[in-house]
Amino acid sequence: MRIHVRRTGGFAGIERQAEVDTSGRPDAPEWHALAERALAAGRGAPPAGVPDGFSYQITVDGRTVYAADPGLTEEQRQLVSRVLKEGA
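Number 495 in the numbering used here belongs to position 86 of the sequence shown; there are no gaps in the numbering.
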(Lines of atoms letter the chains of each structure in order from A; the text may use other names.)
(Lines give C-alpha, C1' and ligand atoms only; values in the text may rest on other atoms or scores of the structure.)
Protein backbone atom coordinates (compact mmCIF):
# COMPACT_ATOMS: atom_id res chain seq x y z
CA MET A 410 0.00 0.00 0.00
CA ARG A 411 1.27 3.46 -0.91
CA ILE A 412 0.17 6.30 1.35
CA HIS A 413 0.88 9.84 0.18
CA VAL A 414 0.16 13.00 2.17
CA ARG A 415 0.34 16.57 0.87
CA ARG A 416 -0.01 19.40 3.40
CA THR A 417 -0.55 22.99 2.26
CA GLY A 418 -1.40 26.26 3.95
CA GLY A 419 -0.40 27.28 7.42
CA PHE A 420 0.99 30.61 8.50
CA ALA A 421 4.02 30.45 6.17
CA GLY A 422 2.18 28.72 3.32
CA ILE A 423 4.90 26.09 2.94
CA GLU A 424 3.87 22.88 1.18
CA ARG A 425 5.12 19.57 2.55
CA GLN A 426 4.58 16.07 1.22
CA ALA A 427 5.76 12.56 1.93
CA GLU A 428 4.95 9.00 1.01
CA VAL A 429 5.17 5.65 2.79
CA ASP A 430 5.17 2.28 1.02
CA THR A 431 3.99 -0.34 3.48
CA SER A 432 5.17 -3.31 1.36
CA GLY A 433 7.35 -5.58 3.45
CA ARG A 434 6.94 -3.56 6.64
CA PRO A 435 6.26 -5.57 9.78
CA ASP A 436 3.75 -2.93 10.89
CA ALA A 437 1.88 -2.93 7.54
CA PRO A 438 -1.44 -4.18 9.02
CA GLU A 439 -1.42 -1.25 11.46
CA TRP A 440 -0.79 1.23 8.62
CA HIS A 441 -3.55 -0.34 6.50
CA ALA A 442 -6.14 -0.14 9.29
CA LEU A 443 -5.23 3.47 10.07
CA ALA A 444 -5.33 4.44 6.39
CA GLU A 445 -8.76 2.86 5.87
CA ARG A 446 -10.22 4.72 8.87
CA ALA A 447 -8.66 8.00 7.69
CA LEU A 448 -10.05 7.57 4.18
CA ALA A 449 -13.52 6.72 5.45
CA ALA A 450 -13.78 10.12 7.15
CA GLY A 451 -12.31 12.11 4.25
CA ARG A 452 -14.11 14.30 1.74
CA GLY A 453 -14.18 14.08 -2.04
CA ALA A 454 -13.36 17.79 -2.40
CA PRO A 455 -11.22 20.14 -0.33
CA PRO A 456 -13.23 21.46 2.64
CA ALA A 457 -13.12 25.06 3.80
CA GLY A 458 -10.42 25.46 6.39
CA VAL A 459 -9.55 28.22 8.81
CA PRO A 460 -7.16 31.12 8.22
CA ASP A 461 -3.55 29.94 8.61
CA GLY A 462 -4.74 26.34 9.04
CA PHE A 463 -3.40 23.38 7.15
CA SER A 464 -5.21 21.56 4.33
CA TYR A 465 -4.44 17.94 3.54
CA GLN A 466 -4.66 15.68 0.52
CA ILE A 467 -4.42 12.01 1.52
CA THR A 468 -3.95 9.45 -1.25
CA VAL A 469 -3.92 5.71 -0.61
CA ASP A 470 -3.33 3.45 -3.61
CA GLY A 471 -4.81 6.02 -6.00
CA ARG A 472 -7.83 6.97 -3.87
CA THR A 473 -7.70 10.60 -2.72
CA VAL A 474 -9.61 12.36 0.05
CA TYR A 475 -9.26 15.83 1.54
CA ALA A 476 -9.32 17.25 5.05
CA ALA A 477 -8.50 20.54 6.76
CA ASP A 478 -7.75 21.86 10.22
CA PRO A 479 -9.50 21.93 12.61
CA GLY A 480 -11.78 19.22 11.19
CA LEU A 481 -9.32 16.31 11.04
CA THR A 482 -10.42 13.12 12.76
CA GLU A 483 -8.00 11.53 15.22
CA GLU A 484 -7.20 8.83 12.65
CA GLN A 485 -6.45 11.40 9.95
CA ARG A 486 -4.24 13.35 12.34
CA GLN A 487 -2.32 10.20 13.28
CA LEU A 488 -1.88 9.11 9.67
CA VAL A 489 -0.75 12.54 8.47
CA SER A 490 1.70 12.84 11.34
CA ARG A 491 3.21 9.39 10.78
CA VAL A 492 3.53 9.78 7.01
CA LEU A 493 5.14 13.22 7.26
CA LYS A 494 7.51 11.94 9.96
CA GLU A 495 8.45 8.52 8.53
CA GLY A 496 7.88 9.01 4.81
CA ALA A 497 10.22 10.01 2.06
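C-beta: ideal position from N, C-alpha, C; glycine also. Predicted model only: the values in this text are computed from it and were never measured.
Measure from the alpha carbon of residue i to the alpha carbon of each residue in the options, then state which is nearest.
i, options, result
"Asp-461", "Arg-415, Val-414, Asp-470 and Ile-423", "Ile-423"
"Val-474", "Gly-451, Asp-436, Gly-418 and Arg-425", "Gly-451"
"Gln-466", "Arg-446, Trp-440, Val-459 and Ala-476", "Ala-476"
For the putative contact between residue i and residue j, defined by C-beta atoms under 8 Å, what is the C-beta separation to the nearest angstrom?
i, j, result
"Gln-426", "Arg-416", "7 Å"
"Gly-496", "Phe-463", "The pair is not a contact, with the Cβ atoms about 16 Å apart (cut-off 8 Å)."
"Ala-437", "Leu-488", "14 Å between Cβ atoms; not a contact."
Starting from residue i, trace the alpha helix (DSSP H) both ways and give me its first and last residue.
i, result
"Leu-488", "483–495"
- Report yes or no: do the segment 431–440 and the segment 467–485 share at least 3 C-beta pairs separated by less than 8 Å? no
- Item | Ranges of the alpha helix (DSSP H) found wholly within the segment 411–478, counting only runs of at least 4 | 437–449
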